[in-house]
Amino acid sequence: MLKFSRLIGQLVSFILFGLMLGSFSNSPRYTYHDPEMALIMVSFSHSSERKEECRRFSPEELADLAANMRRPMDCKRERVPVYIEVMLDGENLLSKSYNPTGLAKDGSASIYERILVEPGQHQLIVKLRDSGRVEGFDYKSDTVINIEPKELFVIDFRKELGGFYFL
Amino acid sequence: MLLRTLFEHIEDWFDVVFGAKWNPFYQLGALGWFYYWIVVISGFYLYIFFDTGVTQAYQSLEYLTHEQWYAGGIMRSLHRYASDALVVMMIVHLLREFAMDRFRSPRWFAWFTGVPMLWLVFAAGISGYWMVWDQLAQYIAITTAEFLDAVPLFGEAIARNFLTDAKLSGRFFTLMVFVHIALPLFLLFVMWIHIQRHATPKVNPPKELAIATLSMLLILSFIKPALSQAPADLSIVPTTVNLDWFYMPIYPIMNNVSGLTVLIALIVATLLLMMVPWMPPGKRVPVAVVHLDNCNGCSRCAADCPFSAIDMAPRSDGSAYKLEAVVDANHCVSCGICVGSCPTATPFRTKSELSPGIELPEDKIKELREKTVAASSKLTGDDRVIVYGCQNSLDPSKMADAKVGVVTMPCIGMLPPSFIDFVLSKKLAEGVFLTGCRQGDCGYRLGIKWTDARLAGQRDPRIRKRVNQDRIGKYWAGMTRRKEFFKELTAFRLRLNKLDSAQLEDQNKTNNSSEKDNAQV
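Here the protein sequences line up with chains B and W, keeping their order. Heads up: the first sequence begins at 1 in this note's numbering, then just goes up one per residue. Heads up: the second sequence begins at 1001 in this note's numbering, then just goes up one per residue.
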């Protein structure tokens, strides 16, 4: 009888352990993103203009430089921050500056932003400033998007392609 | 102490159901190893069929799960459930070692090397889920990449790789396969280091327990096979995912707290966890000392030391013996098991001073004899018992009375069997009762095992044959089994009384028959 009870006890222990493994290995479900909403992702990497414009070396300055260091232009490494604005149906969703990467602040700025939006048709305006100007923008894109629930709409940017493009 | 008592109460129940030999709580490390090997073997099978293409990765696993459910599907489920079981074993093992206070002083090593294994196990598991490339994998990929992007080391956001399907290539899966194989291999290396300071480490659970747990995993794999979620589609945001909560409890936090905060919290928590053995540092008890005058280099102490703290080295004192014991102070936990194994640790020595080949400076064998004699001197009656107990379990000194004398030591394995012979042959008591940690869970790993073997005559130093085994009782009580201990002790004393009555009867009979013979003569 004792042996039988022990066997039952062992069986119950293993069943409970198995239940625990079977249950928590894939439940309860976790909601990461509201299924009723869409997502706009602003993501790109971009090198802005230099903080100071390049300057041509004078002949005297060139003569002072070591022969192997002589180059026509003197360019400071630091770049300006990239400033971006995203507007949806006239509402400002994002306006933020991104510093260049690197210790000397000479790398490209990395932008990665998630913006939850209501699905449907929207007027989207994206603007970017990557120069030393104080007002106005260097790039602008104005478009109408139709976005479904759960859909991911990516705002990318590539200077060589003319600016903003959408995925 | 509260956590230890809680563990011991749970384990008491498991002792009743499984018995000490199969109690899973005494096999946590070994079960961890066992699950690891199941994961490796099942993973090897899955690797044969896994395709590293962007869409083929998902398809190859779907094929294994559905078309080849009887082999590949089972292997996949085993792979998942054994991995989950490994996490459970690892966490409970860590908590239990903490509760039992088995991580301070020289035992810091196993703790310290065990903590990085947490990272390796979690990283290996998460990389495995990544390879399935279903919606869960997509969620993991995005969240992990966003988390890593918080580290100001990477120039361009890693998460950008998961913006569109076009940005993803098969190379990525090849990389994941490499990571998913390299991490467990490195884990195995760390596991090996983890047990380096243990002599005879338990890396295999008892066969019966292994079969039972494997059967449970197999049945679970049949009843609830591991399935993929919908295939990954980077144009759609994964909304609701079925997380493996054994591996991903931190992911929802990562979604709501900045990656840098999570990373700093994880690093700080890991460092704190690694430093636990020194917060505060354990009280350093003087380690075992070798007396070369009495050491004959028999190697028994080296063979019995549970922590590989004793090495046999060539003789340094010009003695005719070839070897001598050398104690590594960094490994020695001062349990005294080496003293119990030393053939020179015999209390019968009277001509020369009682100084064995090896002993603990704070618990000298001479003092043990003096304590035994002192305890005996206070006893009265004809059913006197000397209880030898370890200081790691219930405090037996509270049970001392006119009939019971108590002598304690760091571990019951420190008691040389000759002490029992000494007590009985010198009529210091009618019986000797041993107690200590619970069977299968000695605080110093092997104290109970060696004591049982020595008393059974299976391991040196064996108890002499002249000792009446009926006069030796034992009950491995641990912290919690006080009632049972007293029950066993009472039963032992009753047995002693019966034994004495029977002996008295035999003696009377012998005397009567001799008287008759004399009368006849």
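Even for Gly, the Cβ is constructed at its ideal location relative to N, Cα and C.
Suppose contacts are defined by Cβ-Cβ distances below 7 angstroms. Is residue i in contact with residue j by that definition?
| i | j | result |
| --- | --- | --- |
| B/D142 | B/D130 | no |
| W/A1345 | W/P1356 | yes |
| W/A1099 | W/H1194 | no |
| W/F1173 | W/A1085 | no |
| W/A1150 | W/L1266 | no |
| W/I1142 | W/F1162 | yes |
| B/I145 | B/H122 | yes |
| W/P1225 | W/G1073 | yes |
| B/V42 | B/I111 | yes |
| B/E78 | B/K96 | no |
| W/V1407 | W/P1106 | no |
| B/K150 | W/I1236 | yes |
| W/M1089 | W/L1028 | yes |
| W/A1402 | W/T1372 | no |
Could you pull out every residue in the same chain whose Cβ sits closer than 6 angstroms to the Cβ of residue i, ignoring the five residues on either side in sequence?
| i | result |
| --- | --- |
| W/V1015 | In the sequence as presented, Val is not what sits at residue 1015 of chain W; that position holds Asp. Taken in chain order, the residues that qualify are N1023. |
| W/I1010 | none |
| W/V1432 | I1386, I1420, V1423, I1472 |
| W/L1323 | G1297, M1312 |
| W/L1394 | A1477, M1479, R1482 |
| W/N1468 | none |
| W/W1033 | V1203 |
From which residue to which residue does the alpha helix (DSSP H) around residue i run?
| i | result |
| --- | --- |
| W/I1250 | It is not in any alpha helix (DSSP H) - W/I1250 carries neither H nor E in the DSSP assignment. |
| W/T1144 | 1135-1149 |
| W/V1339 | 1337-1341 |
Who are the near neighbours of residue i in its chain, counting only those whose CB is closer than 7 angstroms to its CB and skipping five residues on each side?
| i | result |
| --- | --- |
| W/E1208 | W1022 |
| W/I1365 | V1339, A1345, L1354, P1356, E1359 |
| W/H1180 | A1124, S1127, G1128, M1131 |
| W/T1526 | An answer regarding residue 1526 of chain W cannot be provided, because it is not within the stretch 1001 to 1521 covered by chain W. |
Can a CB atom of chain B be found closer than 7 angstroms to the CB of residue i?
| i | result |
| --- | --- |
| W/M1216 | yes |
| W/N1242 | yes |
| W/W1245 | yes |
| W/D1084 | yes |
| W/T1239 | yes |
| W/V1521 | Low per-residue confidence applies at W/V1521: pLDDT is 49, beneath 50, and the placement is therefore not dependable, though the value from the model is reported in the following sentence. With 7 angstroms as the cut-off, W/V1521 does not count as an interface residue toward chain B. |
| W/P941 | Because chain W is modelled from 1001 through 1521, residue 941 of chain W falls outside the range shown and cannot be assessed. |
| W/I1126 | no |
| W/I1140 | no |
| W/I1236 | yes |
| W/P1252 | yes |
Do we get a CB-CB distance below 7 angstroms when we pair residue i with the residues of chain W?
| i | result |
| --- | --- |
| B/V154 | yes |
| B/P35 | yes |
| B/S110 | yes |
| B/L167 | yes |
Measuring only from the beta carbon, is residue i closer than 6 angstroms to any heavy atom that is part of the ligand GDP?
| i | result |
| --- | --- |
| W/L1234 | The ligand GDP is not part of the structure shown, which contains no ligands of any sort. |
Hey, could you find the ends of the beta strand (DSSP E) residue i is sitting in?
| i | result |
| --- | --- |
| W/A1313 | 1310-1314 |
| B/I155 | 152-158 |
| B/R163 | The question names Arg, but residue 163 of chain B in the sequence shown is Gly. Looking at the DSSP string, the run of the beta strand (DSSP E) that includes B/G163 is 163-166. |
| W/V1327 | 1323-1327 |
| W/C1301 | Unbroken run through W/C1301 is the alpha helix (DSSP H), 1300-1304; no beta strand (DSSP E). |
| B/G90 | Here B/G90 belongs to no beta strand (DSSP E), and DSSP marks it neither H nor E. |
| B/S110 | 109-117 |
| W/A1375 | Segment 1365-1377 is the alpha helix (DSSP H) holding W/A1375; no beta strand (DSSP E) there. |
| B/S45 | 38-46 |
Excluding the 5 residues flanking residue i on each side, which residues of the same chain have their C-beta closer than 8 angstroms to its C-beta?
| i | result |
| --- | --- |
| W/E1549 | Nothing in the structure corresponds to residue 1549 of chain W, since chain W is present only between 1001 and 1521. |
Return the residues of the stretch 7-32 of chain B that lie within a Cβ-Cβ distance of less than 7 angstroms from chain W, sorted by chain order. G9, Q10, S13, F14, F17, G18, L21, G22, F24, S25, N26, S27, R29, Y30, T31, Y32
What residues in the stretch 1061-1082 of chain W have a beta carbon less than 7 angstroms from any beta carbon of chain B? R1080, Y1081
Chain-ordered residues of the stretch 1207-1232 of chain W with a beta carbon less than 9 angstroms from chain B: A1212, T1213, S1215, M1216, L1217, I1219, L1220, I1223, K1224, A1226, L1227, Q1229
Could you name the residues of the stretch 1155-1186 of chain W whose beta carbon sits closer than 7 angstroms to any beta carbon of chain B, in the order they occur along the chain? G1155, E1156, A1157, A1159, R1160, L1163, T1164
Selection of the stretch 39-71 of chain B by Cβ proximity to chain W, strictly under 9 angstroms: L39, M41, S43, F44, S45
Using a Cβ cut-off of 8 angstroms, which residues of the stretch 135-153 of chain B contact any Cβ in chain W, in chain order? K150, E151, L152
Using a Cβ-Cβ cut-off of less than 9 angstroms, list which residues of the stretch 1005-1025 of chain W approach chain B; keep chain order. W1013, F1014, V1016, V1017, F1018, G1019, W1022, P1024
Name the residues in the stretch 1042-1062 of chain W whose C-beta lies less than 9 angstroms from a C-beta of chain B; which are they? none
For the stretch 1254-1266 of chain W, enumerate the residues whose C-beta is nearer than 7 angstroms to any C-beta of chain B, in chain order. N1255
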